[in-house]
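Structure first, then comments.
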Amino acid sequence: METAILEKIQEDFKNRKSCLSHRIVICAGTGCIANGAMDVHEALAKIIREKQLPLTLSLKEEIPPGEEDPILISKSGCQGFCQVGPLVTIEPENILYTKVKPEHARDIIERTILAGEVITELLYKEPQSGQSCKNHEEISFYKRQNRMVLKSCGDIDPEDINNYIYSGGYMAARDMVLNKSPQEVCDIVKEAGLRGRGGGGFSTGRKWDLALKQKSPDKYIICNGDEGDPGAFMDRSVMEGNPHSILEGMIIAAKACGGTEGQVYVRMEYPLAVRRIQKAIIEARKSHFLGENIFGSDFSFDIHVMEGAGAFVCGEASAMTESIMGRRGMPRVKPPRTAEQGLWGKPTVVNNVETLACVPLIIRMGADAFKKTGTTSSPGTKTFALTGHVANTGLIEVPFGTTLREIIFNIGGGVLNAKGEIDNNDFKAVQIGGPSGGCLIEKHLDIPLDFDSLKSVGAMVGSGGLVVMNKSTCMVQIARFFMKFTQSESCGKCVPCREGTRQILELIDDVAQGRGTQKTLTLLEELCETVQETSLCGLGKSAPSPVLSTLKQFREEWDAHIEMNCPTGNCKDLVSYTIAAESCKGCTACVRVCPAGAISGNRKEAHVIDEQKCIRCGACVETCRFDAISVGGRV
Amino acid sequence: MLKTTANTEKLHNFSKVCEILDKFDRQPSKIIPILQAVQEEYRYLPEEIMTFVATSLGTSPARVFGIATFYSHFSLEPKGKYIIKVCDGTACHVKGSSGLVETIQRELNLSEKNHTTDDLLFTLETVSCLGACGLAPAVVINDKVYGQVSKQRMKELITEYKTMEA
Ligand SMILES: Cc1cc2nc3c(=O)[nH]c(=O)nc-3n(C[C@H](O)[C@H](O)[C@H](O)COP(=O)(O)O)c2cc1C
Ligand code: SF4
Ligand code: FES
Ligand code: FES
Chain F
1 METAILEKIQ EDFKNRKSCL SHRIVICAGT GCIANGAMDV HEALAKIIRE
51 KQLPLTLSLK EEIPPGEEDP ILISKSGCQG FCQVGPLVTI EPENILYTKV
101 KPEHARDIIE RTILAGEVIT ELLYKEPQSG QSCKNHEEIS FYKRQNRMVL
151 KSCGDIDPED INNYIYSGGY MAARDMVLNK SPQEVCDIVK EAGLRGRGGG
201 GFSTGRKWDL ALKQKSPDKY IICNGDEGDP GAFMDRSVME GNPHSILEGM
251 IIAAKACGGT EGQVYVRMEY PLAVRRIQKA IIEARKSHFL GENIFGSDFS
301 FDIHVMEGAG AFVCGEASAM TESIMGRRGM PRVKPPRTAE QGLWGKPTVV
351 NNVETLACVP LIIRMGADAF KKTGTTSSPG TKTFALTGHV ANTGLIEVPF
401 GTTLREIIFN IGGGVLNAKG EIDNNDFKAV QIGGPSGGCL IEKHLDIPLD
451 FDSLKSVGAM VGSGGLVVMN KSTCMVQIAR FFMKFTQSES CGKCVPCREG
501 TRQILELIDD VAQGRGTQKT LTLLEELCET VQETSLCGLG KSAPSPVLST
551 LKQFREEWDA HIEMNCPTGN CKDLVSYTIA AESCKGCTAC VRVCPAGAIS
601 GNRKEAHVID EQKCIRCGAC VETCRFDAIS VGGRV
Chain A
1 MLKTTANTEK LHNFSKVCEI LDKFDRQPSK IIPILQAVQE EYRYLPEEIM
51 TFVATSLGTS PARVFGIATF YSHFSLEPKG KYIIKVCDGT ACHVKGSSGL
101 VETIQRELNL SEKNHTTDDL LFTLETVSCL GACGLAPAVV INDKVYGQVS
151 KQRMKELITE YKTMEA
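Line order of the protein sequences matches chains F and A.
For the first sequence, counting from 1, position 281 maps to 281 in UniProt numbering; every step adds exactly one.
For the second sequence, counting from 1, position 163 maps to 163 in UniProt numbering; every step adds exactly one.
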């Protein structure tokens, strides 16, 4: 039965879809749900029912006779532009409404669905030109991307396996399971040049090859959905928006190396991802894509979900296997690699979510076509989480080789200054690769981004966090932020990482709190290098990168701190608050709010702050209605 | 009188734990999901229950404690009814999450050391990314995500939850 079933589902789905008059897609990713997408969903359904229009909430439902033209309301995963969510797409007109609220539901049904009118107020407006965009294709945030992995998130219903099948899903897995030898599968992926998206950029095909060569009756495939990097949420979006693509990738990986059991390791902060993957696994089992003799072959493979309990280091492959076995997630010395000895001492392939989601695409399009995007050494696309001081934040996907300039100024719509206005001259740096990466500045904006070019400038693709920072950002604080993160996440197994990161953090604190000297900076650099060279796992080895890179790119700023001056006014101990006499109206609001009694002055006369008493809490700045109080370096 | 209620309650507690243990076939390798389920039930990991879990799984209490202290999600102290998680990931940090932490501490009389209010209503935690970075700064109260939270909005949220309880 299994061989014909995929085509049958596709056929049925197509027929039912052709009966639809409209499809309303509501983004139901975490971001849009937080902004009220489910209320919008409910409100739309309510109005449709109230008007007694034919409505279906799933294509699986039978369409009652005489109601040939129903309206389908479906949910999708994150479309990447959560900032302007909830997003609602209307098909076939191809209209995208942004920031939709339940009170817009009536208008959408009456004016757009029934009267075919576009509601201009709900369209996205380009922040720079003010131009209204009718759909994704007209928005510059989307226009310049190349969404391959993310394409289906935002289109298909993640909770409906038939929807995934309709879009061509499970065809690649079936083809590999039924028609190819494990070695052939490895070779296709090797030929495509796929490199792991989890940070290291190791060749996926070679990893599979290594596992294939191991002699063992049991082998494991782990999908790494831990996504511990702060600021990254691409894996979450794929798990929530297209869970079947990961399962399909895992089936293909299992075929390639003789895998017998799979585990999806998801962090428990992602409850929606956990739920959707679990649902996908159940549906895939029902369809015989998982379990015994899948696709009617003699190949058996099943997948389980494991929820992480909040330890960043568990994202490291050997620590992850420890955690799945019910132990403390501590990395171990390699070799042997996990592909040789992992879970329960058996060969284990650990692959990132995005890597696995790429696999069915490669099989479908062929290695040669895949290699056409990206650069020679890094083929394909990469998703980035674009955040920070940039007009359009969100999840983007671009070919490797795209420049930061393109990403920040075109897709991102430009840099935001401290007032929240677009001002490209306010660009200061972009942090890439999270706690293991580094900061890049103006002169790096035109290098084509890929695994190797980033390494050569002391940064890393990492999991793909891109944090844009404007001139109000203090680089010492940024370095401290990442160091604090890795320090508190160190598993403590090896001394350089456990003690070294603590000392680095203390040295940074010395600088930030006015106790630093040039010697502190020299010591800091030396210590960073030692920790880098002597730590056991990637956490310790890369922990000093953000510090070293800010020391390199922003030495003057560190030097200023040594001279008791934080130029951006972020380090509390190195700033002073002053009241500009000409702007102060003497309203006494700040006097009343200051917890330290540091402000004095008579009504209707300019006030002054006593620097000795000031505890630098900033309460006065927040209270002043006349912008009369400023924060600045001490010098 | 008081004592008996406490005892019956405890017995009732252990029957819950047994249910959880059975759900995972009492496999020592499933200790992390078991502790997660226990914590969901009690909102923290009570000491006597961890010992009970260790004995039931035929492993040492030290191992169970070792795991409970390694993973940040586990708590050995009672948590409040509402857990306010403020994201302090990169994106949220750059957009001012530390201001939110200060606001909450001030509003609820909490400090660096004291994370839970005396009435066990609120617990304040910082987490390193909620995966909603597009909406930075983000805050989660129990399971509900709030995006682009300002200090003002944070104060309102606390009041809303307090009124709900009053
Ligand atoms: C401290 C640390 C944390 C990591 N966290 C993750 C993670 O959250 N997700 C991930 O896919 N890889 C993570 N990695 C990388 C994994 O060890 C591993 O290289 C990766 O999952 C392999 O998959 P790939 O080849 O598909 O990239 C981490 C590595 C280290 C050292
Ligand atoms: S480098 Fe750090 S995280 Fe890695 S094993 Fe050593 S102590 Fe643990
Ligand atoms: S959740 Fe809707 S766009 Fe991200
Ligand atoms: S950094 Fe706050 S949600 Fe990701």
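All residues carry an ideal CB built from backbone N, CA and C; glycine is no exception.
For residue i, tell me which candidate among the options has the shortest Cα-Cα distance.
| i | options | result |
| --- | --- | --- |
| F:Cys358 | F:Thr348, F:Lys371, F:Lys346 | F:Lys371 |
| F:Arg267 | F:Cys594, F:Ala311, F:Arg206 | F:Ala311 |
| F:Ile165 | F:Ile478, F:Ser245, F:Lys151 | F:Ser245 |
| F:His41 | F:Pro70, F:Glu11, F:Pro86 | F:Pro86 |
| A:Glu102 | A:His115, A:Val53, A:Arg43 | A:His115 |
| F:Asn417 | F:Asn410, F:Asn425, F:Ile411 | F:Asn425 |
| F:Gly434 | F:Glu227, F:Glu525, F:Gly258 | F:Glu227 |
| F:Ser58 | F:Ala34, F:Ile161, F:Ile33, F:Thr120 | F:Ile161 |
| A:Ala91 | F:Glu50, F:Thr387, F:Asp368, F:Pro347 | F:Thr387 |
| A:Gly89 | A:Leu130, A:Lys23, A:Pro33 | A:Leu130 |
| F:Ile33 | F:Asp627, F:Val100, F:Ala606, F:Met320 | F:Val100 |
| A:Ala136 | F:Arg276, F:Gly201, F:Gly231 | F:Gly231 |
| F:Gly296 | F:Cys186, F:Arg364, F:Met176 | F:Met176 |
| F:Glu191 | F:Ser378, F:Leu212, F:Ala385 | F:Ser378 |
| F:Ala628 | F:Ala580, F:His607, F:Cys594 | F:Ala580 |
| F:Leu440 | F:Gln214, F:Ile422, F:Gly465 | F:Gly465 |
| F:Val118 | F:Gln128, F:Ser129, F:Asn94 | F:Asn94 |
| F:Gly308 | F:Asp446, F:Ser300, F:Ala319 | F:Ala319 |
| F:Thr321 | F:Val350, F:Asn146, F:Pro271 | F:Val350 |
| F:Gly225 | F:Glu556, F:Met306, F:Ser216 | F:Met306 |
| F:Cys223 | F:Gly380, F:Val238, F:Ser216 | F:Val238 |
Could you name the residues of chain F that residue i contacts, counting a contact when the two beta carbons are closer than 9 Å?
| i | result |
| --- | --- |
| A:Val64 | None at all; the shortest Cβ gap to chain F is about 10 Å. |
| A:Phe74 | Ala309, Gly310 |
| A:Ala54 | Neighbours of A:Ala54 on chain F: none; closest Cβ ~12 Å, over 9 Å. |
Quickly, what does DSSP pair residue i with across the bridge? List them, please.
| i | result |
| --- | --- |
| F:Ile221 | F:Gly262, F:Val349 |
| F:Gly291 | F:Phe301 |
| F:Ile26 | F:Lys75, F:Val88 |
| F:Gln431 | F:Cys439, F:Val467 |
| A:Pro78 | Paired residue(s): none; A:Pro78 is not in a bridge. |
| F:Thr517 | DSSP lists no partner for F:Thr517. |
| F:Met320 | None; F:Met320 has no bridge partner. |
| F:Pro267 | Note that residue 267 of chain F is Arg in the sequence shown, not Pro. BP columns for F:Arg267 point to F:Gly308. |
| F:Ala385 | F:Leu395, F:Gly465 |
| F:Lys125 | F:Ser132 |
Taking residue i as the query, report the chain F residues whose CB atoms sit under 8 Å from its CB, ordered along the chain.
| i | result |
| --- | --- |
| A:Gln36 | Met268, Glu307, Ala309 |
| A:Lys30 | Gly326 |
Starting from residue i, find everything on chain A with Cβ-Cβ shorter than 7 Å and list it in chain order.
| i | result |
| --- | --- |
| F:Arg328 | Gly66, Ile67, Phe70 |
| F:His41 | Here the premise fails: no neighbours, minimum Cβ distance about 16 Å. |
| F:Gly388 | Ala91, Val94 |
| F:Pro230 | Gly89, Thr90, Ser128, Cys129 |
| F:Arg236 | Gly131 |
| F:Gly465 | Thr90 |
What in chain A is Cβ-close to residue i, meaning under 8 Å?
| i | result |
| --- | --- |
| F:Asn35 | Leu135, Gly147 |
| F:Ser323 | Ile32 |
| F:Thr393 | Ala91, Cys133, Gly134, Ala136 |
Could you name the residues of chain A that residue i contacts, counting a contact when the two beta carbons are closer than 9 Å?
| i | result |
| --- | --- |
| F:Pro271 | Asp143 |
| residue 643 of chain F | Past the edges of chain F, shown from 1 to 635, lies residue 643 of chain F, and the structure says nothing about it. |
Please compile the residues from chain F whose C-beta is within a distance smaller than 7 Å of the C-beta of residue i.
| i | result |
| --- | --- |
| A:Val127 | Glu269 |
| A:Leu130 | Glu269 |
- Message: Beta carbons nearer than 8 Å to chain A: which residues of the segment 14-32 of chain F have them?
- Response: Contact residues of the segment 14-32 of chain F toward chain A are Thr30, Gly31 (C-beta to C-beta distance below 8 Å).
- Pull out every residue of the segment 124-141 of chain F whose Cβ sits closer than 9 Å to any Cβ of chain A, in chain order. With the criterion set as a beta carbon lying under 9 Å from some beta carbon of chain A, the segment 124-141 of chain F has no members that meet it.
- Query: Taking any Cβ of chain A, which residues in the segment 480-496 of chain F have a Cβ under 7 Å from it, in chain order?
  - Reply: Under the 7 Å Cβ criterion, the segment 480-496 of chain F contributes Phe481, Phe485.
- Cβ-based contacts, 9 Å cut-off: residues of the segment 74-103 of chain A near chain F: Against chain F - using a Cβ distance shorter than 9 Å - the residues of the segment 74-103 of chain A are Phe74, Lys85, Cys87, Asp88, Gly89, Thr90, Ala91, Cys92, His93, Val94, Lys95, Gly99, Glu102.
- Query: Taking Cβ-Cβ distances below 9 Å as the criterion, which residues of the UniProt domain "4Fe-4S ferredoxin-type" (605-634) of chain F are in contact with chain A?
  - Reply: Hits within the stretch, in order: Cys617, Gly618, Glu622.
- Message: If the cut-off is 7 Å on Cβ atoms, which residues from the segment 162-191 of chain F count as contacting chain A, listed in chain order?
- Response: Considering only beta carbons, no part of the segment 162-191 of chain F lies closer than 7 Å to chain A.
- Message: Counting only Cβ-Cβ distances shorter than 8 Å, please list the residues of the segment 334-355 of chain F near chain A, keeping chain order.
- Response: Taking 8 Å as the Cβ-Cβ cut-off against chain A, none of the residues of the segment 334-355 of chain F qualify.
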